[in-house]
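Student:
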Amino acid sequence: MQALIELEEAFEKIYPTPEFQRELSELLRDYGGRPTPLYYARNLSRFTGFKIYLKREDLLCGGSHKLN
Numbered sequence: 001m002q003a004l005i006e007l008e009e010a011f012e013k014i015y016p017t018p019e020f021q022r023e024l025s026e027l028l029r030d031y032g033g034r035p036t037p038l039y040y041a042r043n044l045s046r047f048t049g050f051k052i053y054l055k056r057e058d059l060l061c062g063g064s065h066k067l068n
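Residues in the sequence shown are numbered from 1 upward in steps of one, following the working numbering.
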C-alpha cells in the first residue's frame with residue numbers, strides 16, 4: 001500500500017535526526033511511563049461487598065498500555 005510505504009520512508013528519514021530524538025525524549029520524559037491513577041468503584045464495591053479499585057489506563061495518552 002503506497003501510503004504505508006511513504007509513511008515508513010518519512011519515518012526512517014526523520015527518526016535519526018537530533019531534532020526528532022530530542023522531541024521524542026521530551027515526550028517520553030513528560031508523558032510516558034507515568035503511573036496510572038486508581039479509581040474507587042463505589043457502586044461496584046457496594047454491589048459486590050468488596051472494595052474495588054480500577055486502574056485507569058484509559059486516562060493516559062494512547063498506547064500507554066505498552067509502556068506500563
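Where a beta carbon is used, it is the ideal one built from N, C-alpha and C, also for glycine.
1) Rounded to whole angstroms, what's the CA-CA distance from proline 37 to alanine 10? Just pull it up for me.
2) Using only alpha-carbon positions, find the residue among Arg56, Leu4 and Tyr40 that is nearest to phenylalanine 50.
3) What does a CB cutoff of less than 6 Å around leucine 54 pick up in its chain, not counting 5 residues either side in sequence?
Tutor: Answer, in terms of the structure:
1) Residue mapping note: residue 37 aligns to position 37 of the sequence shown, counting from 1. Residue mapping note: residue 10 aligns to position 10 of the sequence shown, counting from 1. Roughly 36 Å separates the two Cα atoms.
2) By 1-based counting over the sequence shown, the position of residue 50 is 50. Nearest option by C-alpha distance: Tyr40.
3) Taking the sequence shown and counting its residues from 1, the one referred to as residue 54 is at position 54. Cβ within range, chain order: Tyr39 and Ala41.
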